[in-house]
Amino acid sequence: MPPFGPIKRRELISGLRALGFDGPYSGGKHQYMSYGTLKLHIPNPHQVDISLPLLRRILDQAGITVEQWESV
Numbered sequence: 013m014p015p016f017g018p019i020k021r022r023e024l025i026s027g028l029r030a031l032g033f034d035g036p037y038s039g040g041k042h043q044y045m046s047y048g049t050l051k052l053h054i055p056n057p058h059q060v061d062i063s064l065p066l067l068r069r070i071l072d073q074a075g076i077t078v079e080q081w082e083s084v
């Protein structure tokens, strides 16, 4: 993955897949990805990058450290 910072949605999805997540699946207002019993909602597709604070919250919910993210 690129260094920890703003990324595109498709890069987020490919990084999560590389870490073992499945999806994205449709569900409610947002799509989600799953890893075992964990369900991780991902942002809707827009024309802007996913910001650093939002990426941090997503990774925290998934239990992924910055080091793990950058090593993918």
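Numbered per this note's numbering, the sequence shown spans residues 13 to 84. Even for Gly, the Cβ is constructed at its ideal location relative to N, Cα and C. Remember, it's a predicted structure, so these values are computed and weren't measured experimentally.
Simplified DSSP assignment, three categories, for residue i
i: SER46; result: strand
i: PRO57; result: coil
i: ILE76; result: coil
i: GLY27; result: helix
i: PRO36; result: strand
Within 7 Å, strictly: CB atoms of residue i and residue j
i: HIS42; j: HIS53; result: yes
i: PHE33; j: GLU82; result: no
Of the residues the options, the one placed nearest residue i, counting alpha carbons only
i: LEU31; options: TYR47, ARG22, GLY17; result: TYR47
i: ILE76; options: GLU23, GLY40, GLY27; result: GLY27
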